[in-house]
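One structure below.
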Amino acid sequence: MDDGADSVTQGGKNRRRGKNENDNEKRELTFKEDGQEYAQVVKMLGNGRLEAMCFDGEKRLAHIRGKLRKKVWINQGDIILLSLRDYQDEKGDVILKYTADEARSLKVYGELPESAKINETDTFGHEGNEEWVEFGMEGEDNDDDDVVIDNI
């Protein structure tokens, strides 16, 4: 009777499910302190790094700390809280990612400037003036360029 099957519970179809999400649980809104700044992600650089435009007007290179790196996905346009480095003003570390609701609350409290765009991916400098490239001409048939395999 001591085959060991009872003591270890593994396997089975439902063993590995998705992560345990608790979106409905509200967390307390975190405000910035000394040595911290609100920022918006401008560009993801990979390797746990990103370029962020701080709301004090500085563009900084930020590093996503280990605790956030695997659990919280940070995307372009997200509002984040940066810890500024004393010895390197142009660099910082991501402490927290705000949800869209939290970012809106920060804007209402006056923590974020009115110019801050929440929940939009076009950040800083992209004001909808992208040029669209059309491939091919309308109404033109390029039969001259078609190769007929039978003639080869």
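Mapping to the UniProt record's numbering: the sequence shown position 13 is 13, numbers consecutive.
Positions of the beta carbon are idealized from the N, C-alpha and C atoms, including for glycine.
Three-way DSSP call (helix, strand, coil) for residue i in this model
| i | result |
| --- | --- |
| residue 65 | coil |
| residue 42 | strand |
| residue 149 | helix |
| residue 83 | strand |
| residue 33 | coil |
| residue 102 | helix |
| residue 125 | Note that residue 125 scores a pLDDT of 48, beneath 50, so its modelled location is shaky; the value from the coordinates is reported in the next line. Correct three-state label for residue 125: coil. |
| residue 91 | strand |
| residue 117 | coil |
| residue 70 | helix |
| residue 26 | coil |
Residues near residue i in its chain [Cβ-Cβ closer than 7 Å; skip 5 each side]
| i | result |
| --- | --- |
| residue 56 | 37 |
| residue 44 | 50, 76 |
| residue 83 | 35, 36, 92, 93, 95 |
| residue 102 | 29 |
| residue 90 | 60, 61 |
| residue 150 | none |
| residue 113 | 55 |
| residue 107 | 116, 118 |
Which listed residue (the options) has its alpha carbon closest to that of residue i
| i | options | result |
| --- | --- | --- |
| residue 81 | 88, 40, 47, 151 | 40 |
| residue 64 | 109, 105, 92 | 92 |
| residue 79 | 111, 90, 87 | 111 |
| residue 61 | 68, 67, 53 | 53 |
| residue 27 | 88, 98, 48 | 98 |
| residue 205 | 66, 42, 67, 48 | The shown model of the chain, from 1 to 152, leaves out residue 205, and the question about it has no answer. |
| residue 164 | 148, 48, 109 | Only positions 1 to 152 of the chain appear in this structure, which leaves residue 164 out of reach. |
Beta-carbon contacts of residue i that lie in its chain and below 6 Å, excluding the five residues immediately before and after
| i | result |
| --- | --- |
| residue 122 | Here the model assigns residue 122 a pLDDT of 47, short of 50, so the residue's position is not dependable, and the following value carries that caveat. Cβ within range, chain order: n/a, list empty. |
Neighbourhood of residue i by C-beta distance below 8 Å, restricted to the same chain and skipping five residues each side
| i | result |
| --- | --- |
| residue 127 | Residue confidence is low: residue 127 scores 47 on pLDDT, short of 50, so the model does not pin down where it sits. Its coordinate-derived value is still stated next. Closer than 8 Å at Cβ, skipping near neighbours: no residue. |
| residue 105 | 29 |
| residue 85 | 91, 92, 93 |
Beta-bridge partners of residue i, as assigned by DSSP
| i | result |
| --- | --- |
| residue 51 | 43, 61 |
| residue 96 | 81 |
Exercise for review: Count the CB pairs spanning the segment 70 to 80 and the segment 24 to 35 that are closer than 8 Å, and state whether there are at least three.
Suggested key: no
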